[in-house]
Each structure stands twice: as structure tokens, then as C-alpha cells.
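Undergrad: Numbering-wise (the working numbering), the sequence shown opens with residue 13 and increments by one. Built from N, CA and C at the ideal position, the CB exists for glycine as well. Computed from a predicted structure; not experimentally measured.
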Amino acid sequence: MSINDNVNHVKATLTPFSGITLIAASKYVDASGIQALFDAGVTHIGENRVEAFLEKKAQLSHLPITWHFIGTLQSKKVKHVINEIDVLHSLDRLRLAEEIEKHRRDPLPCFIEVNASEEPSKHGLALDDVEAFVDALAPLKKIHVIGLMTLAQATEDETLLRETFKKLRAIKDNIEQKQLSYAPCHYLSMGMSNDYLIASEEGATHIRLGSILFKEEM
Ligand SMILES: *Cc1c(COP(=O)(O)O)cnc(C)c1O
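(1) Classify His80 as buried or exposed, calling it buried when 16 or more other Cβ atoms lie within 10 Å of its own Cβ.
(2) Using C-beta distances below 7 Å, list every residue in its chain close to Ile231, excluding the 5 sequence neighbours before and after it, in chain order.
(3) The beta strand (DSSP E) with Ala36 in it runs from where to where?
(4) Expressed to the nearest angstrom, what Euclidean distance is found between the alpha-carbon atoms of Phe145 and Ile155?
(5) Find out if the Cβ-Cβ distance for the pair Gly58, Ile32 is shorter than 7 Å.
(6) Can you grab the Cα-Cα spacing for the pair Arg117 / Gly53, in whole Å?
(7) Taking the alpha carbon of Ala37 as the point to measure from, which residue in Thr25, Ala164 and Thr55 has its own alpha carbon closest?
(8) Please report the distance separating the alpha-carbon of His26 from that of Gly215.
(9) Give the straight-line distance between the Cα atoms of Met230 and Lys91, rounded to the nearest whole angstrom.
(10) Applying the criterion that 16 or more other CB atoms from any shown protein chain within 10 Å of the CB defines a buried residue, is His115 buried or exposed?
(11) Can you tell me the Cα-Cα spacing of Tyr208 and Lys153, whole angstroms?
(12) For Met13, does the count of other Cβ atoms within 10 angstroms reach 16, so buried, or fall short, so exposed?
(13) Could you round the C-beta distance between Gly222 and Lys39 to whole angstroms and report it? I think they count as a contact, below 8 Å.
(14) Are the CB atoms of Ser73 and Glu111 within a distance shorter than 7 Å?
(15) Quick check: does the Cβ of Ile94 come within less than 6 Å of any heavy atom belonging to ligand 1?
(16) In whole angstroms, what is the alpha-carbon distance linking Ser193 and Glu228?
(17) In the DSSP assignment, what residue or residues form a beta bridge with His80?
(18) Please specify which runs of the beta strand (DSSP E), each continuous and at least 3 residues long, are wholly inside the segment 127-203, giving them in chain order.
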């Protein structure tokens with residue numbers, strides 16, 4: 013099946029949910045693949061690596077794409093890329109926030125990355141550290157916390173996945189309740205190809221899909 017067919021299939025599965033933003037994880041494709049996604053109606057694109065991001069964005073500058081940066085961002089690369097990003101999904105440490113504060117021109121919509129699955133190999137803040145981290149961001153004028161992001165376990169265990177998504181949602185709700193002007197925190201970026209329907213049931217507002225959009229046969 014083509015990218016267009018895959019996008020239509022995914023969109024059909026999302027009809028029970030409203031207001032979910034579909035972000036295509038474009039690490040698997042070059043600029044022509046992103047063009048095919050755009051032609052299929054996907055306007056939110058998420059890249060992982062700084063070099064690939066800058067190259068693909070430059071090649072597609074004629075398209076009105078919203079560019080999400082979803083990979084780990086090294087502090088030393090911030091100055092090269094930060095003003096090219098529309099939404100950052102991987103804010104996970106104060107040093108990174110301070111570097112963004114230094115180089116970014118306008119406030120940047122950010123998701124805080126949380127290690128909600130509590131796996132040692134994963135990036136992201138520990139669940140218990142998220143609220144203090146949000147407090148520490150208060151003085152930074154260029155950081156606008158729009159939500160929390162996580163990568164769940166690579167598992168088929170639906171119960172485990174739901175628990176992870178629920179944990180993220182609970183912290184999101186706590187922060188949202190505080191009504192902080194710099195951290196409205198309305199959104200949840202969670203759910204990938206294997207778990208996006210579960211994530212959507214658990215309140216995802218942004219899903220990041222890669223392989224399911226690019227596979228040839230479904
Ligand atoms: C690759 C990637 C995705 C999409 O993963 P799939 O399993 O291919 O859907 C989502 N989020 C991040 C951060 C990724 O790197």
C-alpha cells in the first residue's frame with residue numbers, strides 16, 4: 013500500500029477520537045517521502061536528528077509544514093536549529109532549556125519528555141521530577157510548556173501501556189490545574205505505530221507515527 017493509503021487507513025482508525033494531531037515521524041524517509049505525506053494531507057512532520065531536519069526542511073521550504081523536533085537534542089546543537097523548530101517534544105533537562113533561552117528568538121512551544129515507562133535506557137525526566145522541573149522553568153521567557161511527551165514500552169502488553177499513559181496524564185492534569193501562564197500543559201504527545209490507539213483512548217492529543225505510515229503491506 014502507498015503512503016496515501018496508509019495515511020487514510022490511520023485516519024479512519026482515528027475517527028472515534030476528535031482533535032488528535034497526527035505527526036509523521038519522518039526519520040525513515042527523505043524529502044520526497046515527506047512530500048508524499050503532505051500530498052496525503054499530513055502537515056505535521058517530526059524529525060529526530062538535527063542534520064536531517066535542517067536538510068529536509070530546506071528542501072521543502074515551499075510547503076506549509078509544521079515542524080516538530082522529536083529526537084534527543086544536544087545542547088551544543090541548539091543554536092544551529094532552535095529557530096527552525098515549531099514545536100519541541102524532547103525538553104528533558106534544565107541545561108537544554110537554558111541553552112534554548114539564550115538562542116531562541118520567540119517563545120518555543122515545548123513538550124517535556126518524561127520517562128513514564130521508568131526504563132533505565134530511556135531519555136526523559138523521572139515522573140517524580142516533572143513538577144519541580146516545570147517550576148524551575150518559570151524564569152525562562154522562551155520556554156512555553158504546552159504538554160508532556162513520552163515513549164512507552166516496546167511491548168504488546170496493553171495493561172502495561174495503559175498504566176504508562178495514565179501516569180503521564182495524571183502529571184499533565186496536575187500541572188494543567190495550576191494554570192501557569194508559561195506552562196498551560198494542555199497536551200499529551202504519546203502513542204506510536206504499535207500503541208497509538210491505546211494512547212488515544214488514554215487522552216493523547218498528539219500521536220507520532222512512523223512505520224505504520226511507510227509500510228508497503230497492511
Ligand atoms: C521513530 C519515532 C516515532 C515513531 O515510531 P514508529 O514506531 O515507527 O511509529 C515516534 N517518536 C519518536 C521520538 C521516534 O523517534
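TA: From the atom records:
(1) His80 comes out buried.
(2) What the structure shows of the chain is the stretch from 13 to 230, and residue 231 is not part of that stretch, so it cannot be assessed.
(3) Segment Thr33 to Ala37, the beta strand (DSSP E) holding Ala36.
(4) About 12 Å.
(5) In this structure, Ile32 does not lie closer than 7 Å to Gly58 by Cβ.
(6) A direct Cα-to-Cα measurement between Arg117 and Gly53 gives close to 30 Å.
(7) Thr55 is the residue among Thr25, Ala164 and Thr55 whose C-alpha sits nearest the C-alpha of Ala37.
(8) The sequence given here places Leu at residue 26; His does not occur at that position. One alpha carbon belongs to Leu26, the other to Gly215, and they sit about 13 Å apart.
(9) With a pLDDT of 41 at Met230, under the threshold of 50, the predicted position of this residue should be treated as unreliable, though the coordinate-derived value follows. So the alpha carbons of these two residues sit roughly 41 Å apart.
(10) Burial state of His115 is exposed, judged by a 10 Å Cβ sphere holding fewer than 16 other Cβ atoms.
(11) C-alpha separation (whole angstroms): 33 Å.
(12) Burial call: exposed.
(13) Contact between Gly222 and Lys39 holds, with the beta-carbon distance rounding to 7 Å and staying under 8 Å.
(14) No, they are not a contact pair.
(15) No - ligand 1 has no heavy atom lying nearer than 6 Å to the Cβ of Ile94.
(16) For Ser193 and Glu228, the distance between alpha carbons rounds to 45 Å.
(17) Partner(s): Gly58 and Val99.
(18) Counting only runs of 3+ residues, the beta strand (DSSP E) found wholly inside the segment 127-203 occupies 155-161 and 199-201, in chain order.
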